[in-house]
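The block underneath contains the structure these notes are about, expressed in structure tokens.
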Amino acid sequence: MSITDHDIENASSDVVDDENSEVNEKPEADKKPAKNDEKPGETTSEPDEAATVKRKSKTASDESRARVSISVRTLVMAAVICIAASAIGVLAWLYIGAQNKLSAEARATSNKKHAEEIAQDYAVHAAEMNFQDLNAWKVQLVKGTSPELKEKLTKAAGEMEQILTPLQWVSTARPLAAKVRSDVGGTYVVDSFVSVLTKTMQAPEGLQSTATYSLTIDSNKDWQISDVGGIAAALGQK
Numbered sequence: 001m002s003i004t005d006h007d008i009e010n011a012s013s014d015v016v017d018d019e020n021s022e023v024n025e026k027p028e029a030d031k032k033p034a035k036n037d038e039k040p041g042e043t044t045s046e047p048d049e050a051a052t053v054k055r056k057s058k059t060a061s062d063e064s065r066a067r068v069s070i071s072v073r074t075l076v077m078a079a080v081i082c083i084a085a086s087a088i089g090v091l092a093w094l095y096i097g098a099q100n101k102l103s104a105e106a107r108a109t110s111n112k113k114h115a116e117e118i119a120q121d122y123a124v125h126a127a128e129m130n131f132q133d134l135n136a137w138k139v140q141l142v143k144g145t146s147p148e149l150k151e152k153l154t155k156a157a158g159e160m161e162q163i164l165t166p167l168q169w170v171s172t173a174r175p176l177a178a179k180v181r182s183d184v185g186g187t188y189v190v191d192s193f194v195s196v197l198t199k200t201m202q203a204p205e206g207l208q209s210t211a212t213y214s215l216t217i218d219s220n221k222d223w224q225i226s227d228v229g230g231i232a233a234a235l236g237q238k
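Residue numbers (full-length UniProt numbering): 1 to 238.
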């Protein structure tokens, strides 16, 4: 069997066509796996990303709710604390005010009592006289008095001595009562009452009387007695 040139050309043409066909098909084959590789990757990553976004969104939402909850609790606690502090402040103010009022009342009562005691003690000693020892009486007469009143009483006692000695005057006294008449700026006017038994040459059996002394006492000057009235009454003088 003889092979002609025509047959050789046909065979060569077929070989070339086969090679071209293989070359053309090979890129398509290479592309297909690439497409297959991309699709699974894309299908797998999208749900993961969605889940991640969802988790982040949920976390952010939870954190936001937590912050709101904490803020509300903080506001409520702050309001409660403010109300409690205000209530405590009011109660403390009322308590302090009541204590101050009680203290002021107690102090006023104590001061009045002290003024009455001073007046009562002075009146008793001023009413007790003995012509044989008038110097002791003079000392008691000016005891606790202001310098101005002391000078006045010393002069008055010298004049009274001229009366008491000839009469042989002896008097004793006991306290009856003392009462604050007024209190102005710490200056007290106190009326003091004493029962006096007086014996003289003319009345050796004794005469009973009640003498009233009116004293002005200044608590601002160490409770000094600044004025005395009623000494003449103790002597039976009008």
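Positions of the beta carbon are idealized from the N, C-alpha and C atoms, including for glycine.
For the region 197-238, the continuous alpha helix (DSSP H) assignments of 4+ residues that do not extend past its boundaries occur at 231-234, in sequence order. For K138, the enclosing alpha helix (DSSP H) covers residues L134 to V142.
In the DSSP annotation of this structure, the continuous segment of the alpha helix (DSSP H) that includes T154 starts and ends at P147 to L167.
The distance from the Cβ of L176 to that of T210 is about 7 Å, consistent with a contact at the 8 Å cut-off.
Within the same chain, L215 come within 6 Å of V228 by CB-CB distance, once the 5 residues on both sides are set aside.
For N130 and G97, the gap between their C-alpha atoms comes out near 54 Å. Around the CB of W169, 16 or more other CB atoms lie within 10 Å, so the residue is classed as buried.
By the Cβ criterion, the region 188-199 is in contact with the region 106-121, since at least three pairs of Cβ atoms, one from each stretch, lie closer than 8 Å.
Pairing M160 with L94, the inter-Cα distance amounts to about 58 Å.
T154 counts as exposed, since fewer than 16 other C-beta atoms from the protein chains shown sit within 10 angstroms of its C-beta. Cβ neighbours of L134 within its own chain (closer than 7 Å, five residues either side excluded): E161 and L164.
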